[in-house]
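Undergrad: Take this structure, written in structure tokens, and hold onto it; I'll ask about it next.
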Amino acid sequence: MTTGWVPFARRRALRFLTSLWVLVTAAFLMIHLIPGDPVRESLGLTAPPDLVAARRAALGLDDPLPVQYWHYLSGLFRGEFGTSLISGTPVGSLIGDRLPATVQLAVLAFLVVVAVAVPVGVVMAVLTKGGRRRGGELAFTSTSVVLAAIPEFLLAVGLVSLLAVQLNLFPVAGNDAAGSWVLPVLALAIGPAAVLARIVRVELLSVLGNDYVRTARAKRLPSRLVYVRHALPNAVTATLTLGGMMLAALVAGTVLVENVFAWPGLGSTIVGSIQQKDYPAVQGIVLVYGAGVLLVNLVVDVVLAMLDPRSTIREA
Amino acid sequence: MRRLTVLRSPVGAASAVLLTVLLALAILAPVLWGDRAAAIDTDALQQGPSADHLLGTDQLGRDIFFRVLVATRLTIGLALLATVIGVVTGLVLGSVPSVLPRWAARIVISGVNIAVAFPGLLLALFFAVIFGTGTIGAVLAIAFAITPSFARLTQTLTASVSGRDFIAAARVCGVGRFRLLTRHVLPNIAEPLVINATLAAGSALTAFAGLSFLGIGVQAPSYDWGRLLGEGLNRIYISPAPALGPAIAVVLAGLAFNLFGEAAAAGHRQRSHRATAVPATTSSAPDDGGLLTVRNLHVSFPGGITPVRGVSFTVHNGEMIGVVGESGSGKSLTALAVSRLVEHPGTVTADALEFGGKPLDRTPDRELGTRLAMVFQDPTTSFNPTKRIGRQLSEVSEVHQGLGRVAAARKAVDRLGAVRIPEPERRAKQYPHEFSGGMRQRAMIAMGLMGEPQLVIADEPTTALDVTVQREVLKLLATIREDRSAAVLLISHDITVVAQTCDRVLVMYAGRIVEELPTDELFTAARHPYTTALLKAVPDLDTDRGAPLAVIPGRPPEPGEIGRGCPFAPRCPLADDQCRTEEPELTDFGPDHRVACWKSETELAGVR
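The structure is reproduced here in structure tokens:
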């Protein structure tokens, strides 16, 4: 299309790869930064020394650091994440088992966030434009501030107590029945939806003050077209930037929510692994979460560039 | 002083009270109720809420309510400790780049940029693995999870301050880089940093509760709210109170920090507003039926501000009328009002506001969209940056003329060609930022030509353009007027632009028309002292280049400042007591010539 695309793609890909390399290196170093011997830590003080030595050798921890780093990197390229210290199974297959449940939960929650927050934000912006309906604005803002301030795992506890235990509407835990999706998704979605609705409203209001919106009105377009066709795409830039950060935070939020609902995803696995000091498993899962976040950011930037051609020139 | 303004807002005051209560609890609760929280009662294991135990008891029969109260100290203390460590580390990481050599600064900055992309909880989990599970590990984990965002904030704020004049001045004076940072930069960004630290403390508190809840934070026998919550959740089937108690405590404390931070931030942003009252005045003018009839038009805003005060004029078919005045004279608002584009909270009233013989507010959009064209001042901002030019033109025909997408696009290309944009097919597919300023303004005119305009309202159409392009745009407007016999209302602060192109001139001052006359009489018969002063301020070839340029002394009044009398009186060489107490009406002075001035023709002739 325009000349901005090629340099943009090159710059963005470079940033993604650098971040990925930093992430992989950090995950590799994690085991070495732990004070003391990770194997001894993991197996406990009572473990016989020859077992510890055998495990160390099996993990390659006795090799020089650069050699270990090389083995780690080349293993990752072959899709090998190492072996769990506790169960002895490959971490890769552990992740393969648990990842889908987490991804489904995060994606569904994000869809709910967007489906609720964008219309609510747009409607609130239109209703409170130019200082109209102060009372409605105040009610909306304070509700969203309070909802956004409640951390997702506390919301989860509240939802469980009210809707699952008291009213017995939904299952308390697990992901077997369709109804068991409702509470985890709600717990994840309510806070971000409140934040996003507020952002959409503020962004749309600031866009509505622009000259090109006046132009659109001067063309006597129906107000529906003015808002949806002319104002909304321009509010998308900031909304999506913040929305991307929120999606990344939502990925992290699944860790806590999964633990409340005993959701069979990566989040409950990583916490168990940290408590059991199963370092290779933690290493692998951290890598997956981190890569997920980087991927989300990349997708957001590419979508932004497609929606607003000027963003390919920016930040150069 | 400024810190106290936080308390004046209801949210700020409420959250301040909540914070004080929390701090008092943190200090006093372990002293007052430490024993009761630790008392083991084997007769009352895992009870539900009762009069004796408000939130029930735990598996050792200890009272959960008192345990929640006592846990305030550890919870708040750890959250504050983590915040302080995180903020200080972030401050260091964020400000060292300005004292480091360039290559090292780049490494620090890109490291921060990468880390900031990861959510805090993930960073906290990562560090929790390294530092081990337990209280100290969790404090460090949360501290380092806060660090990147604070480093980023410090960088941004430092960069914004570094560009200011006083920093440049200090640098010129030879102040060292370290001293510059500590003495000049940091004090100037302290307030936003403190506000964000308050917000960070709120999230540190909830994050800590999360870690303890997961069993990675505080370990038994110590307990904080998160740990109590985790213990309570196991029994939520039997009794919700042991889980809800600590959960509510976390939410309240988190809200207290967040709301206090938000209120402080709002106080930081607040700007003072001022408003003054204006006496209402009216004027009337004779007119006959024209294309656009405006009689006694007022535009006002809340607070008694009325920037347009009783404007009356008529535009006939095919006529080109200029409206001149300084900025703030109300000319642009007049243009917006007659095109029905003034938005809430502005209100428009008029005895008559008619377009094509019909009241403007009853003219359907379809008619206005095709018969009334608008050209705005800044073509850069007046096009939607996310839409192709052709699309922005063609939608007019799609919406108002029922054309299909293809036919409308073809018409857009045709109109772009009509305003002499080269290669209109290719140009129609481009975005506004790929057009030059003059070309954008011509495209804006082409947008007006998508319909069959009878009136083109051009609000400072050439102000944002350079002189050579100005001529083209004015010529284009003149051509449209000839070819389509459309009337043009040209608004400009430049009296020479109006003099070159228009048939008739309306001179506006302080929200009113002070003189209306044919253009060819402008240089010979202008009467109002303001008009003559405007004309004198225009340099021409005979102007003595050694003498300073003529200016009108003083400044025009703000819409809120207009009081009794002629608003121009303070700047007028002829003003007398009558001028200062009574505002003159616009009255006939000759054929097609109206003036709002108390002075007689002989007196006025004297100042020319």
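Protein sequences appear in the order of chains A and B. In terms of the working numbering, the first sequence opens at residue 1 and continues consecutively. In terms of the working numbering, the second sequence opens at residue 317 and continues consecutively. Using N, Cα and C, we set each Cβ at its ideal position, and we do this for glycine too.
1. If you measure from the beta carbon of Pro264(A) to each beta carbon in chain B, is any gap under 8 Å?
2. I need the boundaries of the beta strand (DSSP E) containing Val49(A), first residue and last residue.
3. Less than 8 Å between the CB atoms is what I'm expecting for Leu98(A) and Pro264(A), so what's the real figure, rounded?
4. At what residues does the alpha helix (DSSP H) containing Pro508(B) begin and finish?
5. Could you list which residues in chain A have their beta carbon closer than 8 Å to that of Asn574(B), in chain order?
6. So, at 7 Å on beta carbons, what are the nonlocal neighbours of Pro740(B) in its own chain, with the 5 sequence-adjacent residues on each side left out?
7. Can you tell me whether Gln166(A) is buried or exposed? The criterion is at least 16 other CB atoms within 10 Å of its CB, across all chains shown.
8. Bridge partners for Leu719(B) per DSSP, in chain order?
9. Throw me the rounded Cβ distance for the Leu295(A) and Leu23(A) pair, which I believe falls under 8 Å.
10. Taking the beta strand (DSSP E) that Thr83(A) falls in, what are its first and last residues?
11. Among residues of its own chain, excluding the 5 on either side of Arg625(B), which ones have a beta-carbon nearer than 7 Å to its beta-carbon?
12. Please look up how many angstroms separate the CB atoms of Glu832(B) and Arg843(B), rounded, as I've assumed it's under 8 Å.
13. Check whether the Cβ atoms of Val428(B) and Met30(A) lie closer than 8 Å to each other.
14. Determine the chain A residues that contact Ser916(B) at a beta-carbon separation under 7 Å, and present them in chain order.
15. Tell me, which residues are paired with Ser808(B) by DSSP?
16. For a contact defined as C-beta to C-beta under 7 Å, what are the partners of Leu307(A) on chain B?
17. Applying the 10 Å Cβ sphere with the 16-neighbour rule, what's the burial state of Ala591(B)?
18. Over the uninterrupted beta strand (DSSP E) stretch that includes Thr622(B), give me the two end residues.
19. Kindly indicate the opening and closing residues of the beta strand (DSSP E) around Val610(B).
20. Enumerate in chain order the residues of its own chain whose CB-to-CB distance from Phe905(B) is below 7 Å, with the five nearest sequence positions on each side excluded.
21. Could you run through the region 150-163 of chain A and flag, in chain order, every residue whose CB is less than 7 Å away from some CB of chain B?
22. At 8 Å on the CB atoms, spell out the chain A contacts of Tyr553(B), in chain order.
23. Could you check if Ile343(B) is buried or exposed, using at least 16 other CB atoms within 10 Å of its CB as the buried criterion?
24. Please tell me whether Ile270(A) has its Cβ less than 8 Å away from any Cβ of chain B.
25. Given Asp357(B), which residues of its chain have a CB within under 6 Å of its CB, disregarding the five upstream and five downstream residues?
26. Are at least three pairs of beta-carbons, each pair with one atom in the region 449-463 of chain B and one in the region 396-413 of chain B, less than 8 Å apart?
27. I want to see whether chain B comes within less than 8 Å of Arg314(A), judged by CB atoms only; does it?
28. Based on the DSSP secondary-structure assignment, which residues constitute the bridge partners of His909(B)?
29. Could you check whether the Cβ of Asn234(A) sits closer than 8 Å to any Cβ belonging to chain B?
30. Determine, using beta-carbon pairs with one atom in the region 865-877 of chain B and one in the region 886-898 of chain B, whether at least three such pairs fall under 8 Å.
31. Tell me whether Lys219(A) is buried or exposed, calling it buried when 16 or more other Cβ atoms sit within 10 Å of its Cβ.
32. What three-state label does DSSP hand Thr391(B) in the structure shown?
33. Any beta carbon of chain A sitting closer than 8 Å to that of Val715(B)?
34. Under a three-way DSSP split, which group does Lys674(B) fall into?
35. For chain B, check one thing: does any of its Cβ atoms lie closer than 8 Å to the Cβ of Arg72(A)?
36. Is Pro90(A) helix, strand or coil by DSSP?
TA: With the structure as the only source:
1. no
2. With the sequence shown as reference, residue 49(A) is identified as Pro, and Val is not the correct amino acid for it. From DSSP, Pro49(A) is part of no beta strand (DSSP E) but of the alpha helix (DSSP H) over Pro49 to Leu59.
3. One detail in the question is off: residue 98(A) reads as Arg in this sequence, not Leu. Contact flag correct, Cβ pair sits at about 7 Å.
4. Leu502 to Phe529
5. Val145 and Ala149
6. Val729, Leu732 and Gly733
7. exposed
8. Answer is none; Leu719(B) lacks a bridge partner.
9. No, Leu295(A) and Leu23(A) are not in contact; Cβ-Cβ is about 11 Å, not under 8 Å.
10. Looking at the DSSP string, Thr83(A) is not in any beta strand (DSSP E), and its letter there is neither H nor E.
11. Thr597, His614, Gly827 and Arg828
12. Between Arg843(B) and Glu832(B) the Cβ distance is about 10 Å, and since that is not below 8 Å, they are no contact.
13. no
14. Per Cβ cutoff of 7 Å: no residues; Ser916(B) is ~43 Å from chain A at best.
15. Val640(B)
16. Thr702
17. Caution applies to Ala591(B), whose pLDDT of 31 falls short of 50 and renders its modelled position unreliable; the model cannot decide the point.
18. Ile621 to Val631
19. Leu608 to Phe617
20. Arg843 and Val911
21. Ile150, Pro151, Phe153, Leu154, Val157, Gly158, Val160 and Ser161
22. Val165 and Val172
23. exposed
24. yes
25. Gly377
26. yes
27. For Arg314(A), the pLDDT reaches just 49, beneath the cut-off of 50, and the residue's location in the model is therefore unreliable, although a value from the coordinates is still provided. Chain B, which has no Cβ nearer than 8 Å to the Cβ of Arg314(A), makes this no.
28. Gly906(B)
29. yes
30. yes
31. buried
32. helix
33. yes
34. strand
35. Strictly speaking, residue 72(A) in this sequence is Tyr, with Arg absent from that position. No, no contact with chain B.
36. strand
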